[in-house]
Amino acid sequence: MHEHDPEHPHDHAHHAHHEQSSRPGTGKLKDPVCGMTVTPASPHHAEHDRATYYFCSAKCLGKFQLEPARYLAPPAPAPVSAADAGTEYTCPMHPEVRQIGPGNCPKCGMALEPVLPDLEEKENPELVDFRRRFWGTLPLTLIVFVLAMFGHRLGWFAMDTQSWVELALATPVVLWAGWPFYVRGWQSVINRSPNMWTLIGLGTGAAYLYSVVATLAPQAFPDSFQSMGRVAVYFEAAAVIISLTLLGQLMELQARSQTSAAIKSLLGLAPKTARRLRDDGTEEDVPLTHVHVGDRLRVRPGEKVPVDGVVLEGGSAVDESMLTGEPLPVSKRPGDKVIGATLNTNGALVMRSEKVGAGTMLSQIVTMVMQAQRSRAPMQRMVDQVAGYFVLTVIAIAVLAFLGWGLLAGNWVYGIINAVAVLIIACPCALGLATPMSIMVATGAGAGRGVLFRDAAAIENLRKIDTLIVDKTGTLTEGRPAFDRAVAAADFDEAEVLRLAASLDQGSEHPLAAAIVQEARKRQLSLAKAEQFESGTGIGVRGVVEGKALALGNTALMQQLGIAVDSLRAEAEQLRLLGASVMHLAVDGQLAGLLAVSDPIKATTPDALATLKATGIRVVMATGDGLTTARAVGQRLGLDEVHGEVKPADKLALVERLQKEGRCVAMAGDGINDAPALAKADVGIAMGTGTDVAMNSAQVTLVKGDLRGIATARAISVATVANMKQNLAFAFVYNALGVPVAAGVLYPFTGWLLSPMLAALAMSFSSASVVFNALRLRRAALPED
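The UniProt record's numbering numbers the first residue of the sequence shown as 1 and each following residue consecutively.
Here's what the structure looks like:
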């Protein structure tokens, strides 16, 4: 961990361990302890290894004198592990719950997770622990189940001996594998927050303890409870419920481990080092955490821009599409702003850093994604809303059954047995399976159709969507430059304009040039070799092809060469209104034609938008691209509402504004700039053809990048939520009928009693009905079917 000096609240973590350096001619130096700028006039200085070091305060001087090697050693920053002391944890279901260190939520019992993701590549410790408990005891559970169901037929043991065998096998399952559940159940009692863990603990605990007593002291039970030579035991019910619950927890933890994937992907975008220019003309590679505001940095071709800043020297085209949504690389010249983590394509730049650490655009996007993820609605709200009341009701009925039989009928043994039967039959196996089973089947059905759901909340909310915000680049469009058309001037033809431009562009690394060359080769045009090739930063290229002097670039290049472009000005403006980038080609000082490169609309986009509008969904486009281009695309697609030149924070604000208006909002995008809005929307929908960051921030991914998948996903949502409600109805109706019978309410009228064995069997039937009903989702009728 980096050390902060409390005397300097403006001190940043990246200042720790920073080696002192001077700037000739300025008289300024860096305090090696805190990184503050100091001068040789400072009274706080020390000699070490034949060098003099200056400090901002006596405190920093004292620290240095105690451990000089610590502050002069080469920095080796490492990601902060979530296991480190002082890490703050929160509950994914209740974000207001915060504590230092891991633990369980006092409200719902779920395991807390770090507020900031652990950047080390390692599994969740609880996931590892539960996996070991599940697989370590699953064979025991299976053996106990087989013995309970078929032991009397197999004849392996005498029945009274079999009870002891089941006790020996079930005890590790219940007491070791199920121990975390009993801890959570006990915490729910202490915190007066009854939840599903309360019932799981009571139900399995009651079944196990009852069976232990029946094995150790069978003489305490009436003869009527003797069956096949022993008092019936229910070790298999306790063991099976524990194993099923562990399996559900494994699936949930695996899904939750993906929550921080978006943050990790974003943090991984930034380069690890930067090339800093010293004032004496030399250069050094330093960790990104050691870059300060005002440092001069060199960015070579193919490298990422380290931090936000301004260009001082050189020129290049920078690919900012992942952060801004601009599909075409942006030319950068001295005075232009550059954004950290964007890609420098084909030129060398010298820049001055202006924003570092938490101030960069990438860091701000990380913060917004984290806040949006924490504010997302919890899963399975329908179950959570009734769980507390259900638990209290079941416990009350079990107590009344025990007291009723003991006080009114004078039979305390029957009271114990019936109370246990109530707890077993009410054990939330079916209730716990009701939602997850539907989700499991639905996610499988969606995956087979190219729709990936990340969690139950997405399936629950997607059916409510009435507004869809779509990004342009990579969502409505292909997201990469493609040749649009060539327009020839007088005395030239279109094919010749394309051939000459492609011949010249063979020497350029610019993505627009690549699109022109690719089109010429596609048309099998014969390209010639370019000589005397020159690249003018940000304006175009020049060279000689087949003895002709060619110039290809924007209007600024034509003006520089004194070439008139008036004859094709109207055509150029029209192409720009359609969202294309226009280049002029001049041959021997005469305008030969225009070439347009654009980001084409996906072939499936018009049909997808028509389908969505037909279902009553309002479609809004929000893009970081220019407003003119955005309006042109919006007009071609018939969109009523278009927002251009929007930043990541603007997209997030748009989502929040629509939500405040009472709308249920989905966001569809593919870029890093979409990540905050994807996470904040009621449902985030990412294109599978886009970035990992977008897919990790979204709750739904369309594998093929086809917007038509939204209609399919919405149909799956409608069918799944209906199925979930049916399953919950099965579970609650079953409990409404089974619990009174288990309590002995019907005994005075019919003589019926429900033994714990029959209660366990009824519980199994209830679970089976839920499973089979959920499986019907595989045959649900969907749009593409």
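Ideal Cβ positions, reconstructed from N, Cα and C, are used throughout, including at glycine. All figures in this text were calculated on a predicted structure; none of them were measured in a lab.
Distances from the CA of L595 to each of V545, A677, A501 were compared; the closest alpha carbon is that of A501. Only exposed fits I100, as fewer than 16 other CB atoms lie within 10 angstroms of its CB.
Less than 9 Å divides the Cβ of A742 from the Cβ of I425. Relative to the Cα of S567, the nearest Cα in the group K660, V487, G540, L577 belongs to V487. By the neighbour-count criterion, in which a residue is buried when 16 or more other Cβ atoms sit within 10 angstroms of its Cβ, K680 is buried.
With contacts defined as CB atoms closer than 9 Å, L167 and S211 qualify as a contacting pair. For P511, the secondary structure class from DSSP, reduced to helix, strand or coil, is helix. Non-local C-beta neighbours of E283 in its own chain, meaning closer than 8 Å and more than five positions away in sequence, comprise R275, R276, L277, R298, ordered along the chain. Going by beta carbons, A434 and V770 fall inside the 9 Å limit. A Cβ-Cβ contact shorter than 9 Å links I469 with L654. Straight through space, the alpha carbons of D295 and V286 are spaced by roughly 11 Å. For a cut-off of 8 Å, the C-beta gap from G479 to G709 is around 17 Å, too long to register as a contact.
For K548, there is no enclosing alpha helix (DSSP H); the residue is found in the beta strand (DSSP E) stretching over 548-553.
Straight-line spacing of the CA atoms in V497 and V517 works out to 12 Å. A Cβ-Cβ distance of about 5 Å is found for the pair A622 and V646, placing them in contact under the 8 Å criterion. Taking one beta carbon from each stretch, the segment 568-580 and the segment 591-605 have 3 or more pairs nearer than 8 Å; the two touch.
Our two residues, A698 and V310, have alpha carbons roughly 32 Å apart in a direct line. When the five nearest sequence neighbours on each side are left out, the beta carbons in the same chain lying within less than 6 Å of the beta carbon of G507 are those of A530, F533, in order along the chain.
Checking the DSSP bridge columns, you'll see Y54 partnered with H45. The residue from P43, I397, A520, L552 with its alpha-carbon nearest to that of A736 is I397. Cβ atoms of V291 and V356 come within 8 Å of each other, at about 5 Å. Assignment of A232 by DSSP, reduced to helix, strand and coil, places it in the coil class. The beta-bridge partner set that DSSP reports for A666 consists of L468, V683. Within the model, the alpha-carbon separation for V233 versus E113 is close to 39 Å.
Counting the other CB atoms within 10 Å of its CB gives L175 a total below 16, which places it among the exposed residues. Of the other Cβ atoms in all chains shown, fewer than 16 fall within 10 Å of the Cβ of I190; this residue is therefore exposed. Burial state of V128 is exposed, judged by a 10 Å Cβ sphere holding fewer than 16 other Cβ atoms. Secondary structure within the segment 551-606: the alpha helix (DSSP H) runs of 4 or more consecutive residues, fully enclosed, are 555-561, 569-577 (chain order).
With a threshold of 16 other beta carbon atoms within 10 Å, Q219 falls short and is exposed. In the three-state scheme derived from DSSP, where H, G and I count as helix and E and B as strand, L312 is classed as strand. Residues W197, T198, G201 of the same chain have their beta carbon placed closer than 6 Å to that of G185, with the five preceding and five following residues left out of the count. Residues L288, G340, A341, L362 of the same chain have their beta carbon placed closer than 7 Å to that of A270, with the five preceding and five following residues left out of the count. By DSSP's assignment, V350 forms a beta bridge with R298, E313.
Judged by beta-carbon spacing, T475 lies beyond the 9 Å limit of R663, meaning their Cβ atoms are not closer than that value. Under the DSSP assignment, L462 falls in the alpha helix (DSSP H) whose first and last residues are 456-462.
In the three-state reduction of the DSSP assignment, E531 falls in the strand class, which pools E and B.
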